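Novice:
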Amino acid sequence: MSTFSGLLQEANLIGGTWVGADSGKTLAVSNPATGEVLGQVPNCGQSETQRAIDAASAAFAEFGRTALSYRVGLLHKLHDALMDNQEALAHLLTAEQGKPLFEARGEIAIGAAYVRWYAEEIRRAKGEIVPAASNDRRLLVTHHPVGVVGAITPWNFPSSMLARKLAPALAAGCTVVAKPASATPYSGLAWGKLCQEVGYPAGVVNILTGSAREIGGAIMDSAEVRKVTFTGSTEVGKTLIRQSADTVKKVSMELGGNAPFIVFDDADLDAAVEGAMVAKYRNMGQTCVCTNRFYVQAGIYDAFVERFSQATAALVVGNGAEDGVQQGPLIDMGAVEKVEALIADALAKGGQVQQGGKRHGNGGTFFEPTIITDANASMRFATEEIFGPLAAIFKFESEDEVIAAANATRFGLAAYAYTRDLARSFHLNERLDYGLIGINSGLIATVEAPFGGVKESGMGKEGGSQGLDDYLVSKYTCLAGLGA
Ligand code: ADP
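Under our numbering, the final residue of the sequence shown carries the number 901; numbering is consecutive throughout.
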């Protein structure tokens, strides 16, 4: 436990107090690499959530009106607290989630960077004075915090997904009721501990663990919660959008993806392979921006497959807490079974295993990084999100053909392309129906730019100046009768 420096919290933060579930019930949290139980967290439900909402609502009355300099100061302290505890937080993240330590350290640093970004960006949340049609009026547009925010986060980035929501919310002056995923609650609870330590008043940040349906239901039903921000599956996102109707909440949704990664004949092969590795295997393929479909042009297909296979075969699979490991376990057995089912489906439809293809010798939920070639549009992974270390490679001939194939999905989160043709890069920007496009890079998310999908990948943005908009409401005030 000492590795975690006291950041492993087994209680929930409601109204400034650390508490258990009313029922006393708990949920066990285990390390996916070892199966070891790390500890228990409260199994909270509707009544605890309502108390958290009440606390957030009471706290908003004051926090929503605090001085900008006060909120900016707290955010800088929070940033520093995160970085001071980076190592302990990274170990905690790897222990509950499985990703290699170097990725976990990066995730903590990115989360801290969001906090600093919004400390800076809130200072520029300018309003407007709009020219009025007549001389006796002045038209003001001003921005205000939306109110109590419900934040529901997934297990794949248990720390940075909360950062993307907490940072702009706290910058804007909102108060928050957050629910981390049950598989990975400790990273979220640690945010609560650090927020408390740096001086956020009671009720500003509340963190609950337990039943998704009950906690989510209470958040969605509450008229006091004015905005919900969710990262997770498209299926759950759609449910939340439906549930938001009754109270007309603002919603932002970061949902599933089905990212294409296009390698044109004129690509820099070394760069394309390097980008492919990170865009496919980061977090063992368990990110919403991970490549789902590789499209490789006929002239470079064989060379790309060979080089990508060599790099894939060299990946070191093991417990993410050990030095040198590049691929940890998958989150649970369901994830393993899904990858297996997708491979079986592809093989039945003409796919070839180029690399890997089965559970890893480490046992548990470890899976061999896998490449399937001769992929075609009838295979399930052409339309379904893989969320695992399985690379499917399709061959294509022309730019028009590949753009049509890339867009033939109901998702629209991230797309990647490798080409040295500048004109083509602009065509891709215009023609790919995606919210994020990486030209000659497989890793493009950054605090300075808006992250978010189109189509069924979601709505709203996280990061960039746009990421604040979701936590603000604008008011138009007309000052009339000012004379000519
Ligand atoms: P994934 O498991 O792929 O991350 P989910 O959409 O299942 O995606 O889960 C994301 C988050 O949403 C988790 O915190 C989960 O507990 C929560 N969740 C799941 N179902 C519901 C629901 N019906 N209402 C509210 N939250 C939910």
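Just so it is clear, CB atoms sit at the ideal spot from N, CA and C, and this is done for glycine as well. Only a predicted model underlies this, so the values are computations on that prediction, with no experimental measurement involved.
Give me the residue from Trp608, Val770 and Val722 with the minimum Cα distance to Lys812.
Specialist: Start at 1 with the first residue of the sequence shown, and residue 812 comes out as number 395. Considering only alpha carbons, the answer is Val722.
Novice: With C-beta atoms as the reference, is Glu879 less than 8 Å away from Glu671?
Specialist: Residue 879 sits at position 462 when you count from the first residue of the sequence shown. Residue 671 sits at position 254 when you count from the first residue of the sequence shown. Yes, Cβ-Cβ distance for Glu879 and Glu671 is below 8 Å.
Novice: With a CB to CB cut of under 8 Å and the five nearest residues on each side skipped, what residues in its chain are close to Leu860?
Specialist: Walking along the sequence shown from the start, residue 860 turns up at place 443. Cβ contact annotation for Leu860 (same chain, cutoff 8 Å, sequence separation greater than five): Gly692, Val695, Ala696 and Arg699, in chain order.
Novice: Touching or not, the region 461–479 and the region 434–444, by the rule of three or more beta carbon pairs under 8 Å?
Specialist: yes
Novice: For Thr656, decide whether its Cβ has a neighbour in chain C, counting only Cβ atoms nearer than 8 Å.
Specialist: Going by chain labels, chain C is absent from the structure shown, which holds only one protein chain.
Novice: Whole angstroms are fine: how far does the CA of Asn552 sit from the CA of Ala897?
Specialist: Looking up residue 897 in the sequence shown gives position 480. Looking up residue 552 in the sequence shown gives position 135. Approximately 9 Å, taken between the alpha carbons.
Novice: Does the region 600–607 come into contact with the region 498–515, if we say contact requires no fewer than three beta-carbon pairs (one atom in each stretch) closer than 8 Å?
Specialist: yes
Novice: Taking Ile854 as the reference, which of Arg555, Gly870 and Met578 has the closest Cα?
Specialist: If you number the sequence shown from 1, residue 854 lands on position 437. Among Arg555, Gly870 and Met578, the Cα nearest to that of Ile854 belongs to Gly870.
Novice: Can you tell me whether Asn573 sits near the ligand ADP, meaning its C-beta is under 7 Å from at least one heavy atom of the ligand?
Specialist: Locating residue 573 in the sequence shown gives position 156, where the first residue counts as 1. Yes, Cβ of Asn573 sits closer than 7 Å to a heavy atom of the ligand ADP.
Novice: Per DSSP, what kind of secondary structure is Arg540 in: helix, strand or coil?
Specialist: Taking the first residue of the sequence shown as position 1, residue 540 is located at position 123. Reduced to three states, the DSSP call for Arg540 is helix.
Novice: Could you say which of Gln883, Leu889, Phe868 and Ala901 lies nearest to Ser577 if we only look at CA atoms?
Specialist: Residue 577 sits at position 160 when you count from the first residue of the sequence shown. It is Phe868 whose Cα lies nearest to the Cα of Ser577.
Novice: Nearest by alpha-carbon distance to Gly875: which of Val653, Glu754, Val742 and Ser795 is it?
Specialist: To locate residue 875, count along the sequence shown from 1; it is residue 458. Comparing Cα positions, the closest option is Val653.
Novice: With a threshold of 16 other CB atoms inside 10 Å of the CB of Gly741, please say whether the residue is buried or exposed.
Specialist: Here the question's residue 741 lines up with position 324 in the sequence shown. Flag for Gly741 reads exposed.
Novice: Just to confirm, are Ala473 and Val565 a CB contact at a threshold of 8 Å?
Specialist: Numbered from 1 along the sequence shown, position 56 holds the residue referred to as residue 473. Numbered from 1 along the sequence shown, position 148 holds the residue referred to as residue 565. For Ala473 and Val565, yes; Cβs fall inside 8 Å.
Novice: Kindly examine the ligand ADP and report whether one of its heavy atoms sits closer than 7 Å to the Cβ of Ala629.
Specialist: Residue 629 sits at position 212 when you count from the first residue of the sequence shown. At least one heavy atom of the ligand ADP is nearer than 7 Å to the Cβ of Ala629, so yes.
Novice: Should Tyr487 go down as buried or exposed, given a rule of 16 or more other Cβ atoms within 10 Å for buried?
Specialist: To locate residue 487, count along the sequence shown from 1; it is residue 70. Tyr487 comes out exposed.
Novice: CA-CA distance, Leu940 and Ala526?
Specialist: Absent from the structure is residue 940, since the part of the chain shown begins at 418 and ends at 901.
Novice: Quick one: residues in its chain with C-beta nearer than 7 Å to the C-beta of Ala505, no 5 flanking neighbours on either side, listed in chain order?
Specialist: Translated into the one-based positions of the sequence shown, residue 505 becomes position 88. Taking C-beta separations shorter than 7 Å and ignoring five residues to either side along the sequence, the partners of Ala505 in its chain run Thr420, Phe421, Ser422 and Leu424, following chain order.
Novice: Compare the beta carbon distance of Ile632 and Val645 with 8 Å and say whether it is the shorter of the two.
Specialist: Along the sequence shown, one-based indexing puts residue 632 at 215. Along the sequence shown, one-based indexing puts residue 645 at 228. Not closer than 8 Å, so no.
Novice: What ranges does the beta strand (DSSP E) occupy inside the region 490–564, keeping only unbroken runs of at least 3 residues that lie completely in it?
Specialist: Runs found: 545–547 and 555–562.
Novice: Does DSSP put Trp572 in a helix, a strand or coil?
Specialist: Counting from one through the sequence shown, the residue named residue 572 turns up at place 155. Trp572 falls in the coil class under three-state DSSP.
Novice: Rank Thr800, Ala530 and Thr651 by C-alpha distance to the C-alpha of Asn709 and give the top, closest one.
Specialist: As a first step, residue 709 is located in the sequence shown; it is residue number 292 there, counting from the start. Nearest in C-alpha terms to Asn709, of all of Thr800, Ala530 and Thr651, is Thr800.
Novice: Just to confirm, does Ala595 get its C-beta within under 7 Å of one of the non-hydrogen atoms of the ligand ADP?
Specialist: Sequence index remark: in the sequence shown, residue 595 carries index 178 (1-based). The ligand ADP never approaches Ala595 closely enough for any of its heavy atoms to be under 7 Å from the residue's Cβ.
Novice: Leaving out five residues on either side along the sequence, give the residues of the same chain with a beta carbon under 6 Å from the beta carbon of Met418.
Specialist: Locating residue 418 in the sequence shown gives position 1, counting from the first residue. Unreliable positioning characterises Met418 in this predicted model, as indicated by a pLDDT of 46, which lies under 50. A coordinate reading is not provided.
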